[in-house]
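**Q**
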Amino acid sequence: MCDCFVVRPEREQDRERVERLIRGAFWDVYRPGCNEHLIVHRMRGSACFVPELNVVAESDGRIVGHAICSRAQVETGCDKRFEVLCFGPLAVSSEFRCRGIGSALIEYLIGEAGRMGFRAMVLFGNPDYYGKFGFRDARHFGITTSSGENFAAFMAMELKEEALKDVSGRFFEDAVFHVTDEETERFDRRFPFRKKRGAQDNERF
């Protein structure tokens, strides 16, 4: 199988294939089934959407990876808000993992976001993996989750030197990330049935 691939912006005709890819990559990973494909679907129609930071990896005409960033903010107090980017979801087809595709997508988005003038990026992810790209524990910058928490998987990085020097507060991603189980179930009916972890039978409810 060829390891050659290119990273390019997502096109409108890619969208269904991208959503199938995301669904396959996240299914039963963090919860029974997944909702990441719905989040990306909603994100494209939201004010948080940045088309230039919505990209795919393509190999021999097949979409094998996808990554996206969205506008988010850190509330620093006294009704002040500092715009940052929220990185993710990131998805790579199972057959193409460990071939540098995820790294290429991350590096592309970091570089493009910096060129576009964005100052910082925040994500929830594996510290051992994302630390290689310059992400650090968000507590280093005085940034907490919206509920005031910190943990190793909550990370941030400056895209401009000292961009977060005097920025501390609570991080808020866009509302597109807040989807219900009912919304996910309705959206998932667009795709071939797939049994969830812990499901007792093959019925779709």
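The numbering used here numbers the first residue of the sequence shown as -3 and each following residue consecutively.
Note that the Cβ used here is the ideal one computed from N, Cα and C, for glycine as well.
So, does the stretch 75 to 89 touch the stretch 97 to 114, judging by three or more C-beta pairs under 8 Å?
**A** These segments touch.
**Q** How should residue 126 be labelled, buried or exposed, when 16 other C-beta atoms within 10 angstroms of its C-beta is the threshold for buried?
**A** Buried: at least 16 other Cβ atoms inside 10 Å.
**Q** How should residue 74 be labelled, buried or exposed, when 16 other C-beta atoms within 10 angstroms of its C-beta is the threshold for buried?
**A** The residue is exposed, with fewer than 16 neighbouring Cβ atoms inside 10 Å.
**Q** Taking buried to mean at least 16 other C-beta atoms within 10 Å of its own C-beta, is residue 201 buried or exposed?
**A** Because residue 201 sits at a pLDDT of 22, beneath the cut-off of 50, its placement in the model cannot be relied upon, and the point is left open.
**Q** Less than 8 Å separating the beta-carbons of residue 134 and residue 146?
**A** Yes, the Cβ-Cβ distance between residue 134 and residue 146 is below 8 Å.
**Q** When DSSP labels each residue in this structure, what does residue 128 get in the three-state scheme?
**A** Residue 128 falls in the helix class under three-state DSSP.
**Q** Determine the DSSP secondary structure at residue 85, reduced to helix, strand or coil.
**A** Of the three classes helix, strand and coil, the one that applies to residue 85 here is strand, per DSSP.
**Q** Answer yes if the stretch 65 to 82 comes into contact with the stretch 16 to 32, meaning at least three C-beta pairs across the two stretches below 8 Å, and no otherwise.
**A** Contact fails: fewer than three Cβ-Cβ distances are below 8 Å.
**Q** For the alpha helix (DSSP H) holding residue 17, just list the boundary residues, first then last.
**A** First-last of the alpha helix (DSSP H) with residue 17: 11 to 22.
**Q** How close, in whole Å, do the beta carbons of residue 139 and residue 183 come, if the pair is a contact with beta carbons under 8 Å?
**A** The Cβ separation is near 31 Å, so there is no contact.
**Q** From what residue to what residue does the alpha helix (DSSP H) around residue 36 run?
**A** Note, residue 36: alpha helix (DSSP H), 32 to 39.
**Q** Mapping DSSP to helix, strand and coil, what is residue 115?
**A** Coil.
**Q** Would you call residue 33 buried or exposed, if buried means 16 or more other Cβ atoms sit within 10 Å of its Cβ?
**A** Buried, since its Cβ has 16 or more Cβ neighbours within 10 Å.
**Q** How should residue 31 be labelled, buried or exposed, when 16 other C-beta atoms within 10 angstroms of its C-beta is the threshold for buried?
**A** By the 10 Å Cβ count, residue 31 comes out buried.
**Q** Could you give the distance in angstroms between the alpha-carbon of residue 56 and the alpha-carbon of residue 0?
**A** About 8 Å.
**Q** The alpha helix (DSSP H) spanning residue 178 covers which residue range?
**A** Element bounds for residue 178: 177 to 184.
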